[in-house]
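All remarks here apply to the structure that follows.
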Amino acid sequence: MKRVFSGVQPTGNIHIGNYLGALKQFVELQDDNECFYCIVDEHAITVPQDPKELKKHILDVAALYIAIGIDPKKSVVFVQSQVPAHAELGWILTCVSNTGELFRMTQFKAKSHGQESVGTGLLTYPALMAADILLYDTDIVPVGNDQKQHIELTRDLAIRVNNRYGKTFVVPDGRFLKTGARIMALDDPTAKMSKSAVNEMSRISLLDEPSKIKKAIMRATTDSEGSVRFDIENKPGISNLLSIYSAFSGTPIEELERQYEGHGYGDFKKDLVEITVNALNPIRERFQEIRYSQELVDSLRDGAERADAIAVKTMERVRDRLGMGI
Ligand code: AMP
Ligand code: TRP
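Here it is in structure tokens:
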């Protein structure tokens with residue numbers, strides 16, 4: 005059995021990009037692996053958060069995890085700040101990392117670009133992410149393509165510690181999906197679908213009502229050629245919609261191209277609406293059942309206990325290797 009670890013930030017608007025790029029694999033992996041799925045509230049506070057909203061979003065994401073099919077009895081589902089070792093190892097790995105490699109991270113560059121003042125946590129964030137992963141002797145990290153650089157850094161830090169202090173960490177591998185690894189914004193297929201875009205129609209959130217899903221897809225940017233063909237360079241809009249269709253239906257893109265030969269974008273989009281609504285309806289219903297239940301809170305407490313038991317052991321090993329403590 006392999007160890008799997010991944011995390012999602014507790015922010016609103018979890019969208020089909022998050023689902024198809026990352027969350028969907030979480031469910032698939034839990035049958036044959038020992039999985040840890042974390043809600044990373046310590047990552048969330050790298051930018052200012054409203055306390056009430058943050059608390060709400062933590063439980064929202066936890067309920068979504070379960071609604072998409074993660075079984076909290078099988079997998080360990082927990083909130084990062086409930087396991088103190090994350091912050092502790094995060095600090096140690098911050099000290100192992102160099103400012104140069106942190107400044108090079110494209111996510112840091114993107115998030116700090118044009119800002120007058122940038123929080124230090126935004127820079128050191130990848131060291132905390134490495135801590136999340138390395139605490140559990142993780143073999144596999146299922147994430148979207150945008151996290152590739154952070155996984156590379158995690159591997160570098162693990163290898164650096166192992167070389168300096170003797171074997172301490174398992175060096176993990178990223179697991180990136182091909183289709184769905186990068187879902188683009190519906191209103192601008194050259195930008196990544198994002199939780200924070202101002203235009204609601206740029207994304208489909210997992211809890212969106214059918215009427216909103218329909219509006220967003222029917223309005224999605226395409227091109228004037230009118231043929232349903234995958235060509236990222238010249239037809240990024242329809243290519244993105246084909247990726248979404250394929251990821252939800254399991255039908256390969258080439259087969260969809262054949263199926264829609266001679267049809268306009270209207271027919272294709274109508275079918276995509278149906279496929280998407282059918283995929284998201286059960287998730288929204290299950291979410292509503294469990295979001296305000298005691299069962300949800302109990303699962304998170306239980307998850308934190310199970311995670312903590314392992315993390316505490318890893319920290320004993322790390323402190324010992326580095327010569328820390330008494
Ligand atoms: P975040 O929204 O940054 O908290 O990301 C949560 C997970 O979803 C990460 O594994 C990301 O790589 C993935 N993800 C975020 N946006 C997209 C997107 N547009 N397409 C595919 N995966 C994404
Ligand atoms: N940085 C990830 C993101 O923004 C979230 C994350 C934090 C994560 N810690 C992790 C993902 C550990 C995988 C493993 O999406």
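In the numbering used here, the protein residues as written are 5 to 330.
For each residue, glycine too, the CB sits at the ideal point set by N, CA and C.
Here Thr194 is exposed, its C-beta having fewer than 16 other C-beta atoms within 10 Å. Taking C-beta atoms as the reference points, Asp136 and Phe9 count as a pair closer than 9 Å. Going down the chain, each residue whose beta-carbon is closer than 6 Å to a heavy atom of the ligand AMP shows up: Val12, Gln13, Gly21, Asn22, Gly25, Ala26, Val147, Gly148, Asp150, Gln151, Ala185, Arg186, Ile187, Lys196, Met197 and Lys199. DSSP places Glu38 in the strand class (E or B) of the three-state scheme.
Within its own chain, the residues whose Cβ lies closer than 8 Å to the Cβ of Asn149, once the five positions on either side in sequence are excluded, are Gly25, Phe180, Ala185 and Arg186, listed in chain order. Val145 is bridged by DSSP to Gly178. The C-beta distance from Ile221 to Val277 rounds to 5 Å, short enough to meet the 8 Å contact threshold. Distance from the CA of Asn167 to the CA of Val100, rounded to the nearest whole angstrom, comes to 12 Å. Counting only runs of at least 4 residues, the stretch 119 to 164 fully encloses the following alpha helix (DSSP H) elements, listed from N- to C-terminal order: 124 to 138. Below 8 Å, too few C-beta pairs join the stretch 83 to 91 and the stretch 99 to 115 to call them touching: fewer than three. Taking Glu92 as reference, the option from Val316, Asp54, Gly327 and Ile20 with the minimal CA-CA separation is Val316. Closest in alpha carbon position to Met328, among Trp95, His154, Pro55 and Asp35, is Trp95.
With a threshold of 8 Å, the Cβ atom of Met133 counts as near the ligand TRP, since some heavy atom of the ligand is closer than that. For Asp306, same chain residues with a beta-carbon under 8 Å away, outside a window of 5 residues either side, are Pro76 in chain order. Nearest to Ile72 by alpha-carbon distance, out of Gln298, Ala311, Val301 and Glu293, is Glu293. Taking 9 Å as the cut-off, the beta carbon of Tyr269 is found no closer than this to the beta carbon of Leu260.
The secondary-structure analysis by DSSP pairs Ile43 across a beta bridge with Val12 and Val83.
No heavy atom of the ligand TRP is found nearer than 8 Å to the CB of Asp160.
Burial state of Lys28 is buried, judged by a 10 Å Cβ sphere holding 16 or more other Cβ atoms. Relative to the ligand TRP, Val145 has its C-beta within less than 8 Å of a heavy atom.
Around the beta carbon of Ala89, a 10 Å sphere encloses 16 or more other beta carbons of the protein chains shown; the residue is thus reported as buried. Residue pairing of Arg7 in beta bridges, as defined by DSSP: Glu38.
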